[in-house]
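K.L.:
Below is one structure. I have some questions about it.
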Amino acid sequence: MLLRTDKICKYFGGLKAVDEVDFTLKKGQLKSIIGPNGAGKTTLFNLIAGAYLPTKGKVFLKDKDISRMTLNRVSRLGVVKTYQINHIFPSLTVFENLRIAAQVRKTSFNFWRQAASFGEINEQAEQIMTQVELKEKRNWPASTLSHGERRYLEIGIALATEPEVLLLDEPTAGMSCAETNHCAEMIQKLNTDLGLSIVLVEHDMSVVMSISEEILVMNEGRTLAEGTPREVSDNEEVQRVYLG
Amino acid sequence: MVDNSTNTIQQLHAPPKPLVVYGAIFVLLFLPLVISTPLATEILIWAIFGMGFNLLLGYTGVLSFGHAAYFGLGAYSAGLAFRYLDAHLFVGIVAGILAPMILACFIGALAIRKRGVYFAMISLAFAQMLYFLALSPLKEITRGEDGLTHIPAMALFSFSLGKPLPLYYFVLVITAIMLYSTWRILQSPFGKLLQAFRENEERAKACGYNTTLVKFFSLVISAFYAGLAGALNTVYLGYVPLTTLFWLTSGTMVMMTILGGKGTFLGPLVGVGVFLFLQNTISLITPRWELFVGSIFVAIILLFPGGIMGTVEEKIAAYRMRRASK
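These protein sequences, in sequence, are chains F and U. Mapping the first sequence onto the working numbering, position 74 (from 1) lands on 74, and the numbers just tick up by one. Mapping the second sequence onto the working numbering, position 3 (from 1) lands on 3, and the numbers just tick up by one.
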C-alpha cells in the first residue's frame, strides 16, 4: 500500500470534521473522494498532506508514519497537494511559477548561481508547461491567466515538484463543461502515462465516475462507502445521501 | 530552446537586465559632479542599507521596523574597533558586518515565526533595547548621548579617506559590488524563492520549502547590508551618533524604500537619493524640512502607490502588454 490512514480523526472543537476514516491508495491508482458539502473531504486531504495535525489516528506513506510531519516535509516525501482556490505565485510568470516548484529537490539555498543556468530544472519546467498546455503563456504573469489556465498552472506547480502522490482538490472547480472534460482527460493522462498515484476530490460526478478506479464516499466526517464507480453508484446508502 | 518572440510580456518587477546594473554604476561614477560629494557619499551608504532592507521588505515581503538595530550595531562595532582597537579599515568593516548578522540570527531564531505586524513590533522592540543600552548602561564605551567620537580618519593604502572624493569612490566600489551581488541574489534560485515566499507563503510550503528558513536567511542577509552601511557611515562621519540606533532611522528606511518602490531593483537607490536630496535642499531653506518632505512623501504614495520605480515599471509593463496584444 502506498498511502493509508489509520482511523484518522480531526476535530475542530465539538465538530468532528473527519472521524475514524481509513483511507488507502495503491501505487498507480486514481482514487476519488466524494461527498456532500461539509463531508470532510478537504479536511482529510489536508490531514494526508500535512497541512493539519490529526486529533487522533495516523497517516502512513509506504509504512512510514507521516502524521506529525509538516506540509513541506510531507511534500518533500512526495505527497503534494493542490488547492481548491488557486494558490499560485501571481506576479511571477508562468515559467517562474513552475521553475520555483521544479527547483525544490535540486537547489533551494543557492545564493549566487543564476537560476537560468540550471539546465535540468529549466527543462523540467518547460516540460511541465507543455503537459499543462501553458506553453503559449510562458512569459505571462500568472495573474493575467484565465481561471481555467490558473487551474492548470495549479496542477503544473504540484507536478513540477516531482510528486509520487498527487492530491487534487476540485481541479475542475469553476470550469466550463468543455474545460472540465479536457481537464479530466489531462488528469487521466497523468495517471496512465506518468503512472502517478492520484487522489481526487471532485464535485463533478461525471468526471469522478469516468476516470476513477475507486471511490471513497464520505458523509459527516465518516466513510459511507468505498468501491469501484459501479459499486458506489449502486450503493443504496450513497444514493440516498448523496446522489439523490 | 523556446521561441519567446511572441511572448514579450515579462513579469512585473522582474530583476533587471545586467545593463541596468552597469548603467546605474556608470551614472553613479559622475554623481559628485551633480551634487555635493558628501551628499553623494551619504546616498550610496544609505542605498546599501536600502538594498538589504528591500530584499527583506520588497522581495520577501517581511516588514522589519527595527532595522536601525543592524545599521546602528554595524556603526558602533566598526566605531569601537577603530577607536579602541585601532583596527584596520577592513577589520572594522568586517566587525561592523558580523555583529549585526549575529544579532539577526538571534532575533531571527526568536521571532521569525511571527508574521506581519508582530514581527515588525518585535524587531522594533529589539532596536529600542539596543538604543537604550547604548544610551545608558554601556555609556562608558559608547559615550551615550554624545555618540562615539574620536574615531581616527581612515586610510586605504596611501589614500586618505578623510577627503570627500577618495571616500566617495571607495564607497562607490563597495556599492557597485553590492548592486551586482543583489542582482546575482535576485537571479539565483534563492532569490526566486524569496519572491515566491512573498507571493504565496502557503504554496511555497506546499511545494516543499521550509519557509521559516527562507525568512531567516533573508533577515540575516539584510543585516549584512545594514551592518556594512553602518560601518561605512562611521568611516564617512568619523563618529557614531546615537541616533543610528533610534527607531527614526528604521522609519526613515521604510519611507525611503517605499518612496523608491519596494520590490524593485533600483527602488532603494532612487528612494534614498530623492529623500536625501530633498532633505538637504529643503533644510537649506527651512528648518521645518520634515513637514515638506513628509508632504511630498504622502503625495507620491497617494498618486503612485508603487513608489517611483514601481510606477515606472508598471508603465513599462503596461506598454509591453499593449504592444503584445496588438
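C-beta: ideal position from N, C-alpha, C; glycine also.
Quick one: what's got a C-beta closer than 7 Å to MET1 (chain F)'s C-beta in the same chain, skipping five residues either side?
P.N.:
Taken in chain order, the residues that qualify are THR24, LYS26.
K.L.:
Could one say the Cβ of PHE45 (chain F) lies closer than 8 Å to chain U's Cβ atoms, at least one of them?
P.N.:
No, PHE45 (chain F) lies away from the interface with chain U (no Cβ there is under 8 Å from its Cβ).
K.L.:
With respect to 7 Å, is the separation between the Cβ of MET218 (chain F) and the closest non-hydrogen atom of the ligand MG below this value?
P.N.:
The ligand content of the structure shown is nil, which means the ligand MG is not present either.
K.L.:
GLY58 (chain U) and GLY208 (chain U) look like a contact to me (Cβ under 8 Å); what is the Cβ gap, rounded to whole Å?
P.N.:
Their Cβ separation, rounded to whole angstroms, is 25 Å, which puts GLY58 (chain U) and GLY208 (chain U) out of contact at 8 Å.
K.L.:
Among F:ASN122, F:LEU153, F:GLN124, F:GLU123, which one has its Cα closest to the Cα of LYS137 (chain F)?
P.N.:
Residue F:LEU153 is the option with its Cα nearest to LYS137 (chain F).
K.L.:
Whole angstroms are fine: how far does the CA of GLY273 (chain U) sit from the CA of TYR169 (chain U)?
P.N.:
Rounded to whole angstroms, TYR169 (chain U) to GLY273 (chain U) spans 17 Å at the Cα level.
K.L.:
With DSSP collapsed to three states, give me the class of CYS207 (chain U).
P.N.:
Here CYS207 (chain U) sits in coil by DSSP.
K.L.:
Hey, how far is the Cα of GLU162 (chain F) from the Cα of LEU71 (chain F)?
P.N.:
If you take the alpha carbons of GLU162 (chain F) and LEU71 (chain F), they lie about 15 Å apart.
K.L.:
Residues of chain F with CB under 9 Å from ALA196 (chain U), in chain order?
P.N.:
Those are PHE89, LEU92, GLU96, ASN97, ILE100, ALA101, listed as they occur along chain F.
K.L.:
Hey, how far is the Cα of ASP3 (chain U) from the Cα of ASN122 (chain F)?
P.N.:
At ASP3 (chain U), the pLDDT of 37 sits below 50, so the modelled position is not reliable; the number obtained from the coordinates is stated separately. Going from the Cα of ASP3 (chain U) to the Cα of ASN122 (chain F) covers about 14 Å.
K.L.:
So, with DSSP's three-state summary, where would you put PHE224 (chain U)?
P.N.:
Of the three classes helix, strand and coil, the one that applies to PHE224 (chain U) here is helix, per DSSP.
K.L.:
Can you check which of these residues, U:PHE90, U:PHE71, U:ALA99, U:LEU56, is closest to ALA120 (chain U) by C-alpha distance?
P.N.:
It is U:LEU56 whose Cα lies nearest to the Cα of ALA120 (chain U).
K.L.:
Give me the Cα-Cα distance between MET1 (chain U) and GLU120 (chain F), rounded to the nearest whole angstrom.
P.N.:
Here the model assigns MET1 (chain U) a pLDDT of 34, short of 50, so the residue's position is not dependable and the matter cannot be decided.
K.L.:
If you drop the 5 nearest sequence neighbours on each side, which residues of the same chain put their C-beta closer than 7 Å to that of GLY306 (chain U)?
P.N.:
These residues qualify, in order along the chain: GLY261, GLU314.
K.L.:
Given that SER188 (chain U) touches chain F, what residues does it touch there, using C-beta distances under 8 Å?
P.N.:
Residues of chain F passing the Cβ test: ASN110, PHE111, TRP112, ARG113, GLN114, ALA115.
K.L.:
Taking only beta-carbon positions, decide if TYR131 (chain U) is within less than 8 Å of chain F.
P.N.:
Closer than 8 Å: no.
K.L.:
Of all Cβ atoms in chain U, is any one closer than 8 Å to the Cβ of LEU71 (chain F)?
P.N.:
Judged by the 8 Å Cβ criterion, LEU71 (chain F) is in contact with chain U.
K.L.:
Once the 5 residues before and after ILE66 (chain F) are set aside, which same chain residues still bring their CB inside 6 Å of it?
P.N.:
Correct list, in chain order: VAL59, VAL74.
K.L.:
What does THR180 (chain F) touch in chain U if you count any residue whose Cβ is under 9 Å from its own?
P.N.:
The contacting residues do not exist; THR180 (chain F) stays about 23 Å from chain U at best.
K.L.:
DSSP state of ALA158 (chain F), grouped into three classes?
P.N.:
ALA158 (chain F): helix per DSSP, three-state reduction.
K.L.:
In chain U, which residues lie with their C-beta within 9 Å of the C-beta of LYS81 (chain F)?
P.N.:
What LYS81 (chain F) touches in chain U: ALA206.
K.L.:
So which residues on chain U does ARG76 (chain F) lean against when the C-beta distance must stay under 7 Å?
P.N.:
What ARG76 (chain F) touches in chain U: GLY208.
K.L.:
So the candidates are F:GLY13, F:GLN29, F:ARG4, F:GLY40; which of them puts its Cα closest to the Cα of GLY221 (chain F)?
P.N.:
It is F:GLY40 whose Cα lies nearest to the Cα of GLY221 (chain F).
K.L.:
Mapping the DSSP letters down to three states, classify ILE121 (chain F) as helix, strand or coil.
P.N.:
Helix, per DSSP.
K.L.:
So, does the CB of LYS192 (chain U) fall closer than 8 Å to a CB anywhere in chain F?
P.N.:
It does; some Cβ of chain F falls within 8 Å.
K.L.:
Under 8 Å by Cβ, that's how I've got GLY148 (chain F) and GLU179 (chain F) pegged, so tell me the actual separation to the nearest angstrom.
P.N.:
That pair is a contact at about 5 Å.
K.L.:
Counting only beta-carbon atoms, is ILE155 (chain F) nearer than 8 Å to chain U?
P.N.:
Answer no: the Cβ-Cβ gap between ILE155 (chain F) and chain U never drops below 8 Å.
K.L.:
Using a C-beta to C-beta distance shorter than 8 Å, which residues of chain U count as neighbours of THR161 (chain F)?
P.N.:
Within 8 Å Cβ-Cβ: CYS207, GLY208.
K.L.:
According to DSSP, is MET218 (chain F) part of a helix, a strand, or is it coil?
P.N.:
Looking at MET218 (chain F) - three-state DSSP - the assignment turns out to be strand.
K.L.:
I need the DSSP call for ARG115 (chain U), collapsed to helix, strand or coil.
P.N.:
Residue state, collapsed to three classes: coil.
K.L.:
Determine, for ILE102 (chain U), whether the minimum Cβ-Cβ distance to residues of chain F falls below 8 Å.
P.N.:
No - not a single Cβ of chain F is within 8 Å of the one on ILE102 (chain U).
K.L.:
Establish whether the CB of ASN54 (chain U) and some CB of chain F are separated by less than 8 Å.
P.N.:
So, not an interface residue.
K.L.:
For LYS7 (chain F) and THR223 (chain F), what's the separation of their Cα atoms in angstroms?
P.N.:
Whole-angstrom Cα-Cα distance: 10 Å.
K.L.:
Please state whether the Cβ-Cβ distance between SER212 (chain F) and LYS81 (chain F) is less than 8 Å.
P.N.:
No, the Cβ-Cβ distance between SER212 (chain F) and LYS81 (chain F) is not below 8 Å.
K.L.:
Any beta-carbon of chain U closer than 8 Å to the one on THR192 (chain F)?
P.N.:
Answer no: the Cβ-Cβ gap between THR192 (chain F) and chain U never drops below 8 Å.
K.L.:
Can you pull the chain F residues whose beta carbon is under 8 Å from the beta carbon of ARG115 (chain U), in chain order?
P.N.:
By Cβ distance, chain F contributes nothing, its closest Cβ being about 16 Å from ARG115 (chain U), past 8 Å.
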